[in-house]
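Chains as they are written, first to last, in the working numbering: chain A, 94 to 171; chain V, 99 to 470.
Let me begin by presenting the structure, written as structure tokens, before commenting on it.
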Amino acid sequence: MKFILILFILLVLYDCPNMFRKRLWNELATSALFITVSLLTAIRYVISANDTWANPVNILTYTFGPIARSVFGKVLSE
Amino acid sequence: MAGIVKLESGKINNRQLAYLLLIMVISTADIYFPSIVAREAYRDSWISVILACLAALPLILLYHALARNFPGKNIIEYAPLITGKIPGLIINLLIWLFYIFTTAIILAELGDFVTWTFLPETPVTATILLTVAVASFTIKKGIEAIARLNEFLFWIGLSLLLFVAFATINRVNLEYMLPILENGFMPPIRGTLPLLSLTAEISVILVLFPFFSNYKNTLGVSLKVLLILFFLYQLGGLIVFIFSPNEVAMMKIATFELVQIISFGIFLQRFDTFIIAVWLSGVYVKICIFFYVSSLITAQIFNHSDYRYIVMPIASLLAILPLFMFRNATALVSFLAHIFPFFALIFQAIVPLILYIIFLIRKKAILSGIKT
């Protein structure tokens with residue numbers, strides 16, 4: 094498992110030197126943003142897996158759930 | 099906004115498009131959806147299939163009506179042209195989120211399916227990480243590579259699906275079909291929604307339209323795909339008449355239970371391993387398509403020179419999202435049945451419809467703006 098994780102991290106960072114050499118700052122900044130968000134999400138997943146608003150599915154459920162309930166009505170509430 | 103033609107020069111023909119759309123929809127339709135539809139529509143699942151395909155028809159016409167007016171552009175490029183820069187950017191970001199979340203949901207389905215059927219001791223993290231890593235390399239090769247890979251896998255997948263259908267057809271008991279519409283029209287209509295959200299995944303053509311080498315004939319191709327999907331859904335729906343609607347509604351992955359009972363005499367049995375390996379390849383192609391579309395949209399929104407640079411960072415996000423999104427398999431199935439149809443149809447039906455209505459109202463201004 095640890096080996097797979099290390100391999101994956103290396104894969105993610107594989108393109109970064111290329112972008113740096115070609116001076117693709119826009120691409121590098123976007124990649125850094127995505128990798129940071131992924132890391133923060135991973136850290137949060139490791140620290141606590143409790144459901145909160147930070148969980149994207151909860152956001153989707155709280156957003157689209159009321160629509161679902163109003164359409165399905167009684168069937169869902171049962 | 100980066101032009102899509104600058105980001106990818108590959109082209110796919112109509113046959114490859116048809117295969118891509120078919121495998122994209124049917125690969126996940128076979129896993130969870132027979133039970134989900136049976137839970138809502140009960141013995142009238144076959145009516146839900148008819149309603150879902152009828153409802154998908156105007157959506158396909160809508161996608162083509164939109165795309166025909168903007169040749170060489172995809173929805174990410176023409177949304178700002180139709181609505182204006184800021185609303186267009188908001189729509190694009192929402193579409194981008196939809197594709198990222200949908201890819202993560204498909205990965206979660208794959209992870210859960212593999213863990214539940216074959217590898218219960220393997221951490222789901224390993225399954226998802228390896229799938230994402232391999233998919234990243236596939237999509238870096240472009241749309242043509244995905245289409246060619248799919249050309250190879252499609253016939254194997256389709257022939258096995260037909261094999262499962264014909265190997266079990268003698269067990270079908272059509273008495274389970276009666277009484278038709280026992281509880282009125284509402285149960286089949288409720289069963290329609292999950293199937294419609296799945297069929298409307300054809301909406302990826304809104305993003306991929308500029309890559310079709312013969313885009314004038316794509317409407318015919320999409321309609322033929324819908325017709326074939328109708329027959330394949332009905333074949334999958336036969337499962338309700340094999341086990342009984344009650345049993346199917348209680349199963350998690352009804353099709354897996356079905357392939358386990360296939361046997362010829364006492365010496366040819368346990369086809370499930372082989373069949374599921376092929377299904378997984380279909381889900382893999384679906385992940386590749388959605389992952390590819392997510393990468394393209396990201397590269398367009400952030401004005402990149404090449405979408406390949408953003409593939410690995412998105413892979414890192416996709417590797418962690420499916421683990422984080424669903425607490426367990428029940429939460430995943432419940433989400434697919436009750437929330438996903440509403441979440442998906444907003445982006446598959448409502449957003450394109452709003453764009454088309456605004457386009458019709460401002461048609462002259464928009465078209466003259468493109469020319470200048």
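Yeah, the Cβ is synthetic: ideal placement off N, Cα and C, and Gly gets one too.
Counting only the same chain and skipping the five closest in sequence on each side, list residues whose C-beta sits under 7 Å from that of Y405(V). Along the second sequence, one-based indexing puts residue 405(V) at 307. Taken in chain order, the residues that qualify are L105, E106, S393, L394, A397.
Alpha helix (DSSP H) runs wholly inside the segment 327-374 of chain V, at least 4 long, in chain order: Within the segment 327-374 of chain V, the runs of alpha helix (DSSP H) that reach at least 4 residues and sit entirely inside it are, in chain order, 337-341, 343-348, 352-358.
I'd like to know if Y382(V) contacts chain A, where contact means its C-beta is closer than 7 Å to some C-beta of that chain. Counting from one through the second sequence, the residue named residue 382(V) turns up at place 284. Cβ-Cβ to chain A under 7 Å: no for Y382(V).
Per DSSP, what kind of secondary structure is L168(V) in: helix, strand or coil? The residue given as residue 168(V) occupies position 70 in the second sequence. Checking the displayed sequence, the identity of residue 168(V) turns out to be Phe instead of Leu. In the structure shown, F168(V) sits in coil (DSSP, three-state: anything other than H, G, I, E or B).
Measure the alpha-carbon distance for F362(V) versus A265(V) and round it to whole angstroms. Residue mapping note: residue 362(V) aligns to position 264 of the second sequence, counting from 1. Residue mapping note: residue 265(V) aligns to position 167 of the second sequence, counting from 1. Straight-line Cα distance between these residues: approximately 9 Å.
What residue does the alpha helix (DSSP H) around L421(V) start on, and which one ends it? By one-based count along the second sequence, residue 421(V) stands at place 323. 406-423 is the extent of the alpha helix (DSSP H) around L421(V).
So, using beta-carbon positions, are A177(V) and V319(V) closer together than 7 Å? As a working mapping, residue 177(V) is identified with position 79 in the second sequence. As a working mapping, residue 319(V) is identified with position 221 in the second sequence. No; because the gap between Cβ atoms is not below 7 Å, this pair is not in contact.
Pick from A352(V), I455(V), S403(V): whose alpha carbon is nearest that of I374(V)? Position 276 of the second sequence holds residue 374(V). Closest by alpha carbon: A352(V).
Taking CB distances under 7 Å as the criterion, tell me whether Y407(V) reaches chain A. In the second sequence, residue 407(V) corresponds to position 309, counting from 1. Yes - at least one Cβ of chain A is within 7 Å of the one on Y407(V).
Quick one: list the residues of chain A neighbouring F440(V), beta-carbon separation under 7 Å, in chain order. Along the second sequence, one-based indexing puts residue 440(V) at 342. What F440(V) touches in chain A: F157, I160, A161.
Taking the alpha helix (DSSP H) that F310(V) falls in, what are its first and last residues? For the purposes of this step, residue 310(V) is identified with residue 212 of the second sequence, where counting begins at 1. Per DSSP, F310(V) belongs to no alpha helix (DSSP H) and is neither H nor E.
Would you please verify whether the beta carbon of F101(A) is less than 7 Å from any beta carbon of chain V? For the purposes of this step, residue 101(A) is taken as residue 8 along the first sequence, with counting starting at 1. Interface with chain V (7 Å Cβ-Cβ cutoff): F101(A) is included.
Which of helix, strand or coil does DSSP assign to I129(V)? Along the second sequence, read from residue 1 onward, the residue named residue 129(V) stands at position 31. The answer is coil: DSSP assigns I129(V) none of H, G, I, E or B.
Of the residues L119(V), S133(V), A136(V), the one placed nearest I158(V), counting alpha carbons only: Counted from its first residue, the second sequence places residue 158(V) at position 60. Answer by Cα proximity: L119(V).
Shorter than 7 Å from the beta carbon of L317(V) to some beta carbon of chain A? Here residue 317(V) corresponds to residue number 219 of the second sequence, with the count starting at 1. Not an interface residue.
How many angstroms separate the CA atom of R46(V) from the CA atom of F328(V)? The question about residue 46(V) has no answer, for chain V in this structure spans 99 to 470.
Which chain A residues are close to L415(V), counting only those with a beta carbon under 8 Å from its beta carbon? On the second sequence, position 317 is the one that residue 415(V) refers to. Result: F127, V130, S131, T134.
Taking only beta-carbon atoms, is H436(V) less than 7 Å away from chain A? For the purposes of this step, residue 436(V) is taken as residue 338 along the second sequence, with counting starting at 1. It does: the Cβ of H436(V) has a partner Cβ on chain A nearer than 7 Å.
With 16 as the cutoff for other CB atoms within 10 Å, does G170(V) come out buried or exposed? Working through the second sequence from its first residue, we reach residue 170(V) at position 72. By the neighbour-count rule (16 or more Cβ atoms within 10 Å), G170(V) is not buried but exposed.
Rounded Cβ spacing between A150(V) and L294(V) (contact assumed at less than 8 Å): Here residue 150(V) refers to the residue found at position 52 of the second sequence. Here residue 294(V) refers to the residue found at position 196 of the second sequence. That belief holds up - the Cβ atoms of A150(V) and L294(V) are roughly 5 Å apart, short of 8 Å.
Reference V130(A); option with closest CA among Q367(V), L187(V), L247(V), I412(V): If you number the first sequence from 1, residue 130(A) lands on position 37. The shortest C-alpha separation from V130(A) is found at I412(V).
So what does DSSP say about I110(V), is it helix, strand or coil? The residue labelled residue 110(V) in the question sits at position 12 within the second sequence. Note: I110(V) maps to strand in three-state DSSP.
Step through the CB atoms of chain V and report whether any lies within less than 7 Å of the CB of I152(A). By one-based count along the first sequence, residue 152(A) stands at place 59. Closer than 7 Å: no.
Kindly indicate which three-state DSSP category R116(A) falls into: helix, strand or coil? In the first sequence, the residue the question calls residue 116(A) occupies position 23. The answer is coil: DSSP assigns R116(A) none of H, G, I, E or B.
What residues in its chain sit with their C-beta under 7 Å from that of G108(V), if we drop five residues either side in the sequence? Within the second sequence, the letter at position 10 stands for residue 108(V). Excluding residues within five positions, the ones whose Cβ falls inside 7 Å are G240, I241, E242, F309.
7 Å Cβ cutoff, M348(V) in contact with chain A: Residue numbering aside, residue 348(V) sits at position 250 when the second sequence is read from its first letter. So no, M348(V) is outside the interface.
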